[in-house]
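Working notes, structure below.
Number of protein chains: 4
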Amino acid sequence: MSSKSNRSWTMNGFGVAHLAPAETTIPKPGPHDLLVRVKAVSLNYKDRMILDGLLMPNMTFPYTPLSDAVGEVVGTGEAVTRFKVGDRVLGHVIADWVEGEGPAVLHQKTLGMTLPGVLAEYVVFGEGAAVLAPPSLSDAEASTLPIAALTAWSALFEMAKAVPGETVLIQGTGGVSLFALQFAAAFGLKGIVTSSSDEKLERAKTLGAWKAINYRTRPDWDVAARDATDGQGVNHVLEVVGGENMRRSIEVLAAGGRLSLIGILGDTTFSSSIFPVMRNRLTIQGISIGHRRGFERMNAAIEVAGIKPVIDRVYGFAEVPRAFEHLARGPFGKVVIALS
Amino acid sequence: MSSKSNRSWTMNGFGVAHLAPAETTIPKPGPHDLLVRVKAVSLNYKDRMILDGLLMPNMTFPYTPLSDAVGEVVGTGEAVTRFKVGDRVLGHVIADWVEGEGPAVLHQKTLGMTLPGVLAEYVVFGEGAAVLAPPSLSDAEASTLPIAALTAWSALFEMAKAVPGETVLIQGTGGVSLFALQFAAAFGLKGIVTSSSDEKLERAKTLGAWKAINYRTRPDWDVAARDATDGQGVNHVLEVVGGENMRRSIEVLAAGGRLSLIGILGDTTFSSSIFPVMRNRLTIQGISIGHRRGFERMNAAIEVAGIKPVIDRVYGFAEVPRAFEHLARGPFGKVVIALS
Amino acid sequence: MSSKSNRSWTMNGFGVAHLAPAETTIPKPGPHDLLVRVKAVSLNYKDRMILDGLLMPNMTFPYTPLSDAVGEVVGTGEAVTRFKVGDRVLGHVIADWVEGEGPAVLHQKTLGMTLPGVLAEYVVFGEGAAVLAPPSLSDAEASTLPIAALTAWSALFEMAKAVPGETVLIQGTGGVSLFALQFAAAFGLKGIVTSSSDEKLERAKTLGAWKAINYRTRPDWDVAARDATDGQGVNHVLEVVGGENMRRSIEVLAAGGRLSLIGILGDTTFSSSIFPVMRNRLTIQGISIGHRRGFERMNAAIEVAGIKPVIDRVYGFAEVPRAFEHLARGPFGKVVIALS
Amino acid sequence: MSSKSNRSWTMNGFGVAHLAPAETTIPKPGPHDLLVRVKAVSLNYKDRMILDGLLMPNMTFPYTPLSDAVGEVVGTGEAVTRFKVGDRVLGHVIADWVEGEGPAVLHQKTLGMTLPGVLAEYVVFGEGAAVLAPPSLSDAEASTLPIAALTAWSALFEMAKAVPGETVLIQGTGGVSLFALQFAAAFGLKGIVTSSSDEKLERAKTLGAWKAINYRTRPDWDVAARDATDGQGVNHVLEVVGGENMRRSIEVLAAGGRLSLIGILGDTTFSSSIFPVMRNRLTIQGISIGHRRGFERMNAAIEVAGIKPVIDRVYGFAEVPRAFEHLARGPFGKVVIALS
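Residue numbers (our numbering), protein chains in the order written: chain A, 1 to 340; chain B, 1001 to 1340; chain C, 2001 to 2340; chain D, 3001 to 3340.
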């Protein structure tokens, strides 16, 4: 197999202009590894930050980006027992986090960061860092799960244990937020979605949003959300913005409420008054994607509920720069790149 | 108000033959009490056991039975703040269990046991032992919630935290089991229902059962259920039978699985091999209906999901003995008595 | 009893100059209340903030301050069952929080805030808002428990479940911090104490501090604390300062670590980088004293371990202003006022 | 190294008479393995059951028994990063359980069961299945930890979260029970020890037992234990007997109490009335030794508290049969075999 070539895209510098097709040799799996022919990959906001040199400013080039991939097992190391050739698998992004609290130092074995990225025809996953793709999903749909879906799932059902009937405030309509909305709608939670676009809010309602708030017309969206809950406040906030936004997120929480700190779209810091945190006995918890057992549980739940990931657009393997440009515009759901 | 009479049914001895209409004065609410005009009550298996002298053999007569009631607040004590006249409320059966671990000695203030029962036109609830009835339900539907629904809810979402995608084995089609099935179907759990009746299993499928097993044709129903889960076993069992049945319930559990011990339809003891409990790190947990906060959370979840309790038949207030006879035959869902 | 007079201290305006002795009638217990002759009270930092008009700027005068009191039951309402005359009891400060998540709106029934304070010879506690004082403690010692000890206990053992062998960073040597230190030393946790005073650090070591860090000589105390844990970081921080201090508190936490947000000695806001919270999956949780069940559990633990609260000084009932002045200087442990 | 011989003891049939010295070659570590020169091993009750053919009746001979070992790393596979030559390590018995819920099927990689036993001069541990031995312990002391200590620890602090001040009923004075007693005494729990020997009970008191009950003179030991807790019952039972004994264990539990099902000294089945389990909302949980992260946490706690394992006797490597005979007589604490 090593005679065949492995087509990929690599960064030769920061910025989308330095992203270019490349050909390398197909990697050879170690004893516990899977060789996987990639079918589809999906983009995350952090991929844009890496491309722009914001997240990993000291990286060395050439570098293959991206973390989310689905593919078919085409070869296995001699010690592999969890999978066989022909299985359709998803790579687990934090490869050394199987379950529980995980490694003391995170991101020493993370796909597309400290491990090679997946924007290539052939990639290698450790057998312990892969899960079966949900059979009900297409390749494009399945490719969206490893970061966006698992982050939303972990926030709601692994780190927290959301209970049916509770309320969840969901910020915007990016990848993580739409998965949170779909999970909420499917599993009995009341999703309150905020956006600056009435059109996007309409689409969120179609996906099952219980309430929709335009934060442009209601800059005091925390008041609007509290009103929607008869003054009680919401039980969960999935914070993807940070900074000043988080002040309102903390104000909107009900007694005993929980803020899952997920994203940094607005700012990489946060600040708040201490009083509401103490008085309402709030919990703020940092979320880092999640562990493999959570991934497996989520896939089972997706199958039960028949959830179909929201894809804004699928690009071809030749269109990678356009896909990144689409991501920068703020898609409604996920941007996917299909191989073959 | 005390000049009006309060129609009720009272036990003057054990057995349905000693259940008779009675007239008493309307009770007077204390400072923290609600006077409630009852609209509907529902029967539970334990009411039959009380009627037959099996559960409370030392009771004194006359005794007004039943614990589940919905009604309208028609009077309030002077210190009441949680409710007002006109509210439609459900009595919380374990009246002194608001939340948390609850009283060290249970059932010192339990409706229809150590507090007067609710089979009467007018009853008194402590304001701390009542919740608003879900607006989406009729009186008959709402009357079924206090014991059967809350027991199923507590087992799945308060004492345990069932996660979407998990499997729940549900025994039979009585009141608790059908609520467990409806909660499972609404909130992303896979409900496996056992019954001796193919017809009831068909109806269970209509309600959302993921698998249905006839334990008459499959006396090794634990093997059948394990096969249905690809050999992994189920995550939750709601045990309503006890005795020998529980051996199979323990065998069918997956690693880390949980048996909620709820009922004694078959036997008041249980026994098991220790090995599967240790090897699979199983949890067996006793369930006693639940606390008021759980009741409130459940009602919110019922509203979100639009769950309609399954009522086998509604009887008139004059037909109480027939309602008990129906209960003895093993209804599909709840038996209700409507007042007015 | 109402003919006797009730000596107390009342605020007639903000500032210690407006604190003056007063005489009122002895309060009359309601049906579920205890009349308690106070033996000792203790001061908390929030009492100083109330006195200075910082915490409750809109209060009406005259106002009896303080929340922590121990005393003897000298009368009981006719419905009281939990206590009897002669019992030595402590008032539970958040009177309507028995266990679990507690009231949706906190501080509607809090001693010395929305309920009358305890700086008086006779006070009334609801029977549900009192606990037996630990028999091993003197009156002065027992009076220190309701806020300072219960806050430290709740942070470590109710909201979190600290496990023997874990590390706890403790800021300063005020009331909450010294209880945290004593609990740590007694129950197998490694307490790391910070202070600006070597002398206080020496005394902290005598109380069982595992490490002591002078933040004047080590302004990078977070680095010093991390070094002390072989680079792993600490498992728990009890944050009593807020503001900029909290940046270091977040930096010092180990993977999966937890910051209990308790106090506002330095600032009423906080801010932080989001990255360590996400990367290390940190939890920040607001603490509000705690519930009555936690108080009971804590008292049992104090008895087992023979913990003696650290009292800096006991003042007489005539010396209340001096006691407040002592509090302002930053005592080592608690400041107590003895009655009798 | 492979030219050197590896002295061991092997079973050539069931029964102590078929246990004999053997010489094999020194095993060769794989890429992720440690070669360890064993310093001391300790015996567990399950080793006796294996020797007698009760636990693994279908094993093939020759077979090297035992699971608990401490030793020095004398060689490492080329991929090893967690340890280095010279480290003193303990093998983790359930080698594939790092943390969290662990493998779905237990005991596929368990030392002395499905992996080779440790009664040999040289053994191999996976680097992921070893922990550093606590520096404060001698080799003999450290060798007692992997099963007995970790089982007691997991029951109290991993599967449950025992809180200071709670009560723990401890059955007998075998290895697991004495560790439970020492943990209880060190970490603020009240240990109630039962035994048929007043002499052993005296020694238990020396180790910190809060109460001691001779079940020969008090066959109703559950009543005696309940009396000792002022009628409340105990919070935790560590059940090492099973069978009829467990009926009393369930009766003695307080509301919300927990029975950790650990051992089968008396019977491999259990039975109980369902009523106390439901009424007191009891939890029964099976315990299987524990995971590696728990092992690491336990070792940290042992260091903090300065706990010294109780060793009844240390035998030489030539005295293995006598050590097994000692185990059969019911030692007070652990039986150890020293290599040197």
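All residues carry an ideal CB built from backbone N, CA and C; glycine is no exception.
The structure presented is a predicted model; accordingly, all values stated were derived computationally and were not measured.
Residues that DSSP places opposite B/V1237 in a beta bridge: When DSSP reads this structure, B/V1237 sits in a beta bridge with B/L1169, B/L1259.
Coil, strand or helix - D/K3039 by DSSP: strand
Positions along the stretch 3273 to 3289 of chain D whose CB lies within less than 7 Å of some CB in chain B: S3273, I3274, F3275, V3277, M3278, R3279, N3280, R3281, L3282, T3283, I3284, Q3285, G3286, I3287, S3288
D/W3009 (DSSP reduced to helix, strand or coil): strand
A/F343 at chain B interface by Cβ criterion, 8 Å: No statement about residue 343 of chain A is possible, as the shown extent of chain A runs from 1 to 340 and does not include it.
6 Å Cβ shell around D/G3263 - same chain, five flanking residues per side excluded: V3240
Residues that DSSP places opposite B/T1151 in a beta bridge: Beta-bridge pairing links B/T1151 to no other residue.
C/A2079 in three-state terms, based on DSSP: coil
Among C/G2208, C/S2196, C/V2080, C/V2016, the one whose alpha carbon lies nearest that of C/L2035: C/V2080
C/A2228 and C/I2192 closer than 8 Å at C-beta: yes
Spatial neighbours of D/T3110 in its chain, beta-carbon cut-off 7 Å, leaving aside the 5 residues before and after: V3093, I3094, A3095
C/G2071 - DSSP class collapsed to helix/strand/coil: Correct three-state label for C/G2071: strand.
Reduced DSSP category for D/L3327 - H, G, I as helix; E, B as strand; rest coil: helix
Candidates C/G2102, C/D2052, C/D2087: closest to C/S2288 by CA position: C/G2102
Which residues DSSP lists as bridging D/N3280, in chain order: Per DSSP, none; premise fails for D/N3280.
Residue-level contact to chain A via CB, D/V3085, 8 Å cutoff: no
Exposure label - D/D3139; buried when at least 16 CB within 10 Å: buried
For C/E2296 and C/F2083, the rounded distance between their alpha carbons: 14 Å
Straight-line gap, B/G1225 to A/V73 (C-alpha atoms, nearest Å): Checking the sequence shown, residue 1225 of chain B turns out to be Ala, not Gly. So the alpha carbons of these two residues sit roughly 31 Å apart.
Cβ neighbour criterion (16 or more within 10 Å) applied to D/T3194: buried
Contact check, D/N3006 vs D/T3024, beta carbons under 8 Å: yes
Cutoff 8 Å: D/F3270 Cβ touching any chain B Cβ: yes
Listed by chain order, chain C residues near D/A3186 by CB distance under 9 Å: For D/A3186, the chain C residues whose Cβ falls inside 9 Å of its Cβ are P2164, F2187, G2188, in order along the chain.
Proximal residues, the stretch 95 to 115 of chain A versus chain D, C-beta separation under 9 Å: Listed by position, the residues of the stretch 95 to 115 of chain A near chain D (Cβ gap below 9 Å) are V98, E99, G100, E101, G102.
For D/N3299, the first and last residue of its enclosing alpha helix (DSSP H): Element bounds for D/N3299: 3292 to 3305.
Helix, strand or coil at C/F2332 according to DSSP, with G and I counted as helix: coil
Where C/F2183 falls, given that 16 or more other Cβ within 10 Å makes a residue buried: buried
Neighbour flag for C/I2147 against chain A, beta carbons, 8 Å: No, no contact with chain A.
Pairwise C-alpha distance: D/V3041 and B/F1332: 60 Å
Cβ shell of D/L3106 (< 8 Å), same chain only, five flanking positions each side left out: I3094, W3097, S3288
Inter-stretch contact at 8 Å, needing at least 3 Cβ pairs: the stretch 1299 to 1315 of chain B / the stretch 2013 to 2029 of chain C: no
Beta-carbon proximity check, C/V2163 vs C/L2238, cutoff 8 Å: no
D/A3358 at chain B interface by Cβ criterion, 8 Å: In this structure chain D extends from 3001 to 3340, so residue 3358 of chain D is not present and cannot be described.
CB contact check: D/F3157 to chain C, cutoff 8 Å: D/F3157 counts as touching chain C.
Limits of the unbroken alpha helix (DSSP H) element including A/K46: 45 to 51
Exposure of D/G3174, with buried meaning 16 or more beta-carbon neighbours within 10 Å: buried
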